Amino acid sequence: MKASLLFVLACTAVLALGARADSPEDSKALVQKVQELAQKVSAMTKDAFSRVRESEAAQQARQWLSDNAELAKQRLVWLKEQLAELLKKTPAP
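-17 is the number of the first residue of the sequence shown in the working numbering; add one for each residue after it.
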């Protein structure tokens, strides 16, 4: 489930329970339930991020980026040199 959907569901639950809370004890129970829900959502989010971080696809992407970063830098330097030469050859108006 997307985090935004979980957030909307949590807000809806808080509003529904808040409307039913008549006494201070009900309010305390509501706060406790919201805190428990927030902890569960936080744990689920951390778990999802760690699974993504540890996934094979993410590891391959990081490896590809590190392998090709130097090549990209070299191409950028070459491109800058070519543009500089082109600008030197272009007559001024």
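Glycine included, each C-beta is placed from N, C-alpha and C at the ideal position. Bear in mind the structure is a predicted one, so any value in this text is a computation, not a measurement.
Can you tell me where the alpha helix (DSSP H) holding Ser48 begins and where it ends? Glu38 to Lys71
ask   = CB Val91 to CB Val16, shorter than 8 Å?
value = Any property of residue 91 remains undetermined from this structure, which presents the chain solely from -17 to 75.
Rounded C-alpha distance that separates Ala40 from Ala30: 13 Å
Kindly indicate which residue of Leu19, Leu61 and Lys10 has the alpha-carbon position closest to the one of Val(-6).
-> Note on identity: in this sequence residue -6 is Thr, with Val being the wrong assignment. The shortest Cα separation from Thr(-6) among Leu19, Leu61 and Lys10 belongs to Leu19.
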